[in-house]
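S.K.: Structure incoming, see below.
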Amino acid sequence: QLGLAMHNYHDTHRVFPPGETLTVEGAPSQSWQTFLLPFVDQAVLYNQIDFDYAWDHPSNQALFHQEIPTYLNPNINVRVSPEGLGLSHYAGNQLVLKSNGELGIRNITDGTSNTILAFEVGDNFKPWGDPTNTAVPAERMNSGNKTAFRGGSHVLLGDGSVRFLSENIDPAVLKALSTPDGGERIDEF
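Just so we're on the same page, the working numbering is the position in the sequence shown counted from 1, plus 215.
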């Protein structure tokens, strides 16, 4: 469902959602998952957000207490933060979902089937509204953090497909899958 939402966003805007937006002062404001809300059956919630303020501004914060089913892995019981904010069990690929960015399929020269858009995380969950909920998959997945499933994690690729990557994947292959335009050659993974 997340892949369909990403592609519907792309069809509407001709780019993928920005990983984060920044205020004029340079502070984080909104997340990629906030911009996907209309595409995951959450248009009513999206329309209540005051985009003149950051996600954690008092005028917005109560809205971000909601759990968004598409952003949750049903096998993980942790669904809200200690502060009561709805969490996400997925992180966006920071190299594709750029800060204030406008990267489209046309910019993924490595091929959409060879580029990660988003990936499961197994710990250190962030609220879905948190603009810092992006990472470079090769860095986050190889950093010793728990994977969402024993043995590896699911990743959403740029073509909308979902693949299970073993925790034993060659680090060079994971690095290549993390870049949209690195020019790396990837064999079967």
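Backbone N, C-alpha and C define an ideal beta-carbon position, used for all residues, glycine too.
1) I'd like to know whether the C-beta atoms of L300 and P342 end up nearer to each other than 7 Å.
2) For L318, which three-state DSSP category applies?
3) Distance check for R355 and P386, CA to CA, integer angstroms please.
4) Report yes if the C-beta distance between G307 and A269 is below 7 Å; otherwise report no.
5) So does the stretch 311-325 actually touch the stretch 281-288, counting three or more Cβ pairs closer than 8 Å?
6) Please name the residue, chosen from S328, Q248, H272, that lies closest to G344 on a Cα-to-Cα basis.
7) Are the Cβ atoms of N223 and F254 separated by less than 7 Å?
8) Quick check: the Cα distance between L371 and D271, rounded to an integer number of angstroms?
9) Taking all protein chains shown into account, decide if H228 is buried (16 or more other Cβ within 10 angstroms of its Cβ) or exposed.
10) Are the beta-carbon atoms of P297 and I331 separated by less than 7 Å?
11) With DSSP as the reference, label F379 as helix, strand or coil.
12) Give the secondary structure of K341 by DSSP, where H, G and I count as helix, E and B as strand, and everything else as coil.
13) Spatial neighbours of T394 within its chain, please: CB distance less than 8 Å, with the 5 preceding and 5 following residues excluded, ordered by chain position.
14) Pick from I291, E235, L251: whose alpha carbon is nearest that of L312?
15) In the DSSP assignment, find the unbroken alpha helix (DSSP H) run with G218 in it and report its ends.
16) Report yes if the C-beta distance between N315 and L237 is below 7 Å; otherwise report no.
17) Using the beta-carbon count (16 or more within 10 Å), is E335 buried or exposed?
18) In whole angstroms, what is the alpha-carbon distance linking S381 and P346?
19) Could you check which residue in F404, G373, V377 has the C-alpha nearest to that of D396?
M.R.: Reading from the atomic positions:
1) yes
2) coil
3) 12 Å
4) no
5) no
6) Q248
7) yes
8) 27 Å
9) exposed
10) no
11) strand
12) strand
13) L310, D325, T330
14) E235
15) 217-228
16) yes
17) buried
18) 28 Å
19) G373
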